[in-house]
Amino acid sequence: MPRVVVDVVLKPEISDPQGQAVLGALGRLGHPGVTSVRQGKHFVLEVEGTPDAAELRQIAETLLANPVIEDVELHLPSD
């Protein structure tokens with residue numbers, strides 16, 4: 001059964017307080033080389049048959065994400 005991965009992250013212009021908290025903690029823990037952190041959501045969908053990119057994008061943008069403040073990235077299986 002094919003697996004489709006959907007990653008959802010806040011748009012760059014939207015403040016990410018959780019990402020900022022992680023970034024601050026990384027600096028305090030001695031990891032100054034990390035300069036930016038953005039948190040997000042990761043979904044793995046198992047689909048029957050050949051994945052339909054348009055249908056999956058509609059699912060992602062209407063159910064898994066808020067398109068006003070979040071961006072969606074689909075990772076379809078390669079043949």
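Take the sequence shown: its position 61, counting from 1, is numbered 61 in my numbering, and each next residue is one higher. We treat Cβ as the ideally placed atom computed from N, Cα and C, and that holds for glycine.
For this session: Leaving out five residues on either side along the sequence, give the residues of the same chain with a beta carbon under 6 Å from the beta carbon of residue 43.
Result: So the list reads 6 and 64, once near-sequence residues are dropped.
For this session: Report yes if the CB atom of residue 28 is closer than 8 Å to the CB atom of residue 9, and no otherwise.
Result: In this structure, the beta-carbon distance from residue 28 to residue 9 does not fall below 8 Å.
For this session: Return the residue from the list 76, 77 and 72 that minimises the CA-CA distance to residue 12.
Result: When each option's Cα is compared against that of residue 12, the closest is 72.
Problem set entry | residue 2 beta carbon less than 8 Å from that of residue 47 | Going by beta carbons, residue 47 and residue 2 fall inside the 8 Å limit.
Exercise. Hey, quick one: how far does the alpha helix (DSSP H) through residue 23 stretch, first residue to last?
Worked result: First-last of the alpha helix (DSSP H) with residue 23: 17-28.
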